[in-house]
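Read through the structure below, which is laid out as structure tokens, and then see the notes.
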């Protein structure tokens, strides 16, 4: 039996420790993991818990991230609670297996501590790894602080393991800015946290010898489309209700309210910034500043990237005059992902906001308050003019001549 | 540990109820099938099986059919070993936590992979599983090519073999590199038991598979799989070709215990010339051209020297 | 048959189950007693792959079981250590059983797919003398 840990009501944890503690509290059956900056501390903290008797599951120290996810798939199909953590290159290496895991409907939880993708090599935080996995069929949640990393990681198990859902879940947090930055994190007692998530309920487990099952079969042109359609359907229809239900339950338990679209001051907003990761909190501070000056500024944080809350976002953005989408990943030849996704939200509506795109923060480059102020300034100018007054896409926080496109 | 299934002779063995089904898509005469049957029939224990992408997987699990009567998983090309290792880890975890659904049953964990999956693309995964010491068996179905994709070379392809990526041509005699010695490599991992088997020598194979199942830790089995399609011989000759392979000592049957003790487990009454083995297969027929005949002599020398080496290792007991 | 089912009519994740019911011990239960599901390839047939088929003549058979073990397609049926016959739903006509049969004359021989079993059994070849 694993020992319980007595936590203080508020612990000083960085995002990695927050995720590690969530892993510990849900009593994972098998963790197959490999270290990579900046998610390494998750793997190390978990090893520490194991060595001190706080975890009694199996901990498989595999030889690569691809093997980590492969081991997780085998363990999950066998029938139990499974999780791992990675970043960047490791995430890229296991990409193949991400698609395999979701195609086989296995509820694995993956903590992704977002880091830039080489080349050039960079260990700092940006969203290029997150963007790589978008189409993998996983449920994808984004967190903006260590508190959220703790809360969402706990909830991830309850979301993915539900028998109507049975899909793997990624929980993203910014590398270093979140993962290595400590904050006062309100904790949940071990028993309460475990009971909230609940004991793992097996479904089609390979270790149920009374019902042998074949996992990972081949489907050709006569079947593949139907299987992928089913997967898409379940992502589109079964997940939001479960996420909402888990959010509601969590709010009851802790008082902390999470929403599928984290809108901030959007009810009457004229200008808005859409962002992901820790930047969301920075943008909220500047939005407050502008509100005090009488500017109707709002912020939208993307909490659930997949499935994408298209209809919810359309409601949130209704009436907004100018929107800036902030992408922390280089789109390498076009506008940023968030620009495209938000355009998709609004294209068939009566709303016709002016929208533009900012690429920022690559490889851990800081997004400063002045940068954010300048973005809102652009939006205010656009809203007043009723048309785009700057290039469609700008790089912000970059040394050298001003870089912009379209 | 569960009891070993008693298999005194072939008649007794024939009372087995196969857990591998026909009406799969494997070629007529495919040795993979014979090997899988022998492996699965060697035990009555529950099984958790995995297969790498390859002939076996692609031909036995195409929606809407499965040919497996035990829990089975295919993830990808590299990772049948890790798939089963993950399942084994889950078994250990649930056992410790008292959450096994049928706690009285002791399953065996078996991973299958072709030579391509094992020697090449899945090498790291296999190495990792063995280094970590999972309680599992890995069976390589060695047909010396990437058969499923049409016969490209692998690091298990022997010298002089004509494959689609090392074809025999005007200025080439085919594959130039010698076959990788996987058994020595896996023995060097500290595996408690590694062995080479061939489906025509069923008694030798069953004994080794049973030993493997009774051994705790990672067991590596290299099974010769004579491929009628890629080695280019008639489908009814699979067992005959296998006999030529074992009796010419091209595929010597031996085992390595704890990485140190080598035992030759089959000594042919009459050792057949390598030439006869090569001559029976289309993939080697170009070696019989006058300008290539020296390669057949080199083959014989290599097999002879290898056999000498095996006998020395067996004698020395280190 | 699972053909032409829509996207909403199968188990998610393309999972397939071998049996319809629980079996106490699959390894000691023969095929005829197993509750095969329609997803099990046992219920399918590859008999149409054949251009030649083996015919079994039990008069010469010594129940050595070579054909049983070397048949890749589990199409040689053996029960209680005795040869029963050929499973023509699963036999692909590879001919290995004939090759490995040790009796003289052989107890299994390949014939044209359309050959009549009774006719061929009645006209079974004689014992071959050893020539060298």
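Chains as they are written, first to last, in this note's numbering: chain C, 85 to 490; chain V, 2 to 319; chain Z, 34 to 165. No residue lacks a Cβ here, since even glycine has one placed at the ideal position from N, Cα and C.
Going straight from the alpha carbon of residue i to that of residue j, what length do you get?
{"i": "residue 226 of chain V", "j": "residue 204 of chain V", "result": "16 Å"}
{"i": "residue 350 of chain C", "j": "residue 113 of chain C", "result": "42 Å"}
{"i": "residue 274 of chain V", "j": "residue 303 of chain V", "result": "12 Å"}
{"i": "residue 256 of chain C", "j": "residue 443 of chain C", "result": "19 Å"}
{"i": "residue 202 of chain V", "j": "residue 284 of chain V", "result": "23 Å"}
{"i": "residue 262 of chain V", "j": "residue 195 of chain V", "result": "10 Å"}
{"i": "residue 55 of chain V", "j": "residue 32 of chain V", "result": "14 Å"}
{"i": "residue 185 of chain V", "j": "residue 156 of chain V", "result": "15 Å"}
{"i": "residue 360 of chain C", "j": "residue 225 of chain C", "result": "10 Å"}
{"i": "residue 445 of chain C", "j": "residue 151 of chain V", "result": "47 Å"}
{"i": "residue 53 of chain Z", "j": "residue 248 of chain C", "result": "22 Å"}
{"i": "residue 289 of chain C", "j": "residue 454 of chain C", "result": "53 Å"}
{"i": "residue 36 of chain V", "j": "residue 151 of chain Z", "result": "34 Å"}
{"i": "residue 59 of chain Z", "j": "residue 148 of chain V", "result": "31 Å"}
Which residue marks the beginning of the alpha helix (DSSP H) containing residue i, and which one marks its end?
{"i": "residue 320 of chain C", "result": "308–321"}
{"i": "residue 213 of chain C", "result": "212–216"}
{"i": "residue 125 of chain V", "result": "124–133"}
{"i": "residue 460 of chain C", "result": "453–469"}
{"i": "residue 37 of chain V", "result": "32–42"}
{"i": "residue 150 of chain C", "result": "149–162"}
{"i": "residue 279 of chain C", "result": "274–281"}
{"i": "residue 250 of chain V", "result": "Run containing residue 250 of chain V: none; DSSP gives neither H nor E here."}
{"i": "residue 421 of chain C", "result": "421–430"}
By DSSP's criteria, residue i is part of a beta bridge. Which residues make up the other side?
{"i": "residue 173 of chain V", "result": "V:170"}
{"i": "residue 256 of chain V", "result": "V:196 and V:264"}
{"i": "residue 95 of chain C", "result": "C:269"}
{"i": "residue 137 of chain V", "result": "V:219"}
{"i": "residue 123 of chain Z", "result": "For residue 123 of chain Z, which the question treats as bridged, DSSP gives no partner whatsoever."}
{"i": "residue 96 of chain Z", "result": "Looking at the DSSP assignment, residue 96 of chain Z forms no beta bridge with any residue, so it has no partner."}
{"i": "residue 73 of chain V", "result": "C:298 and V:50"}
{"i": "residue 1 of chain V", "result": "Lying outside 2 to 319, the shown extent of chain V, residue 1 of chain V is not represented and no answer is given."}
{"i": "residue 175 of chain C", "result": "Answer is none; residue 175 of chain C lacks a bridge partner."}
{"i": "residue 114 of chain V", "result": "V:141"}
{"i": "residue 118 of chain C", "result": "Partner(s): none; residue 118 of chain C has no beta bridge."}
DSSP three-state call for residue i: helix, strand or coil?
{"i": "residue 94 of chain V", "result": "helix"}
{"i": "residue 125 of chain C", "result": "helix"}
{"i": "residue 112 of chain Z", "result": "strand"}
{"i": "residue 206 of chain V", "result": "helix"}
{"i": "residue 101 of chain C", "result": "helix"}
{"i": "residue 85 of chain V", "result": "helix"}
{"i": "residue 335 of chain C", "result": "helix"}
{"i": "residue 242 of chain V", "result": "helix"}
{"i": "residue 287 of chain V", "result": "helix"}
{"i": "residue 89 of chain Z", "result": "strand"}
{"i": "residue 143 of chain Z", "result": "strand"}
{"i": "residue 281 of chain V", "result": "coil"}
{"i": "residue 87 of chain C", "result": "coil"}
{"i": "residue 350 of chain C", "result": "coil"}
So, for residue i: in the same chain, excluding its five sequence neighbours on each side, which residues have a beta-carbon less than 8 Å away from its beta-carbon?
{"i": "residue 34 of chain Z", "result": "Here the model assigns residue 34 of chain Z a pLDDT of 47, short of 50, so the residue's position is not dependable and the matter cannot be decided."}
{"i": "residue 96 of chain V", "result": "104"}
{"i": "residue 180 of chain C", "result": "150"}
{"i": "residue 426 of chain C", "result": "358, 397, 401, 407, 409 and 439"}
{"i": "residue 135 of chain Z", "result": "95, 97 and 99"}
Can you name, in chain order, every residue of its own chain whose Cβ lies under 6 Å from the Cβ of residue i, other than the five neighbours on each side?
{"i": "residue 433 of chain C", "result": "398"}
{"i": "residue 143 of chain C", "result": "115 and 134"}
{"i": "residue 1 of chain V", "result": "Limits of chain V in this structure are 2 at one end and 319 at the other, which puts residue 1 of chain V out of reach."}
{"i": "residue 50 of chain V", "result": "71, 73 and 111"}
{"i": "residue 166 of chain V", "result": "153 and 154"}
{"i": "residue 269 of chain C", "result": "95, 97, 102, 230, 231 and 234"}
In terms of residue numbering, what span does the beta strand (DSSP E) encompassing residue i cover?
{"i": "residue 314 of chain V", "result": "Taken as a continuous stretch (DSSP letters only), residue 314 of chain V belongs to no beta strand (DSSP E), being part of the alpha helix (DSSP H) at 294–317."}
{"i": "residue 380 of chain C", "result": "Neither: residue 380 of chain C is in no beta strand (DSSP E) and is coded neither H nor E."}
{"i": "residue 42 of chain Z", "result": "Taken as a continuous stretch (DSSP letters only), residue 42 of chain Z belongs to no beta strand (DSSP E), as it is neither H nor E."}
{"i": "residue 152 of chain Z", "result": "Premise fails: residue 152 of chain Z lies in the alpha helix (DSSP H), 150–155, not in any beta strand (DSSP E)."}
Go through its chain and collect everything with a Cβ distance to residue i's Cβ below 7 Å, but skip five positions before and after it.
{"i": "residue 76 of chain Z", "result": "69"}
{"i": "residue 367 of chain C", "result": "357, 359, 383 and 456"}
{"i": "residue 216 of chain V", "result": "193 and 194"}
Task: Residues from the region 288–301 of chain C in contact with chain A, defined by Cβ distance under 8 Å - done: As a matter of chain content, chain A is missing from the structure shown, whose protein chains are C, V and Z.
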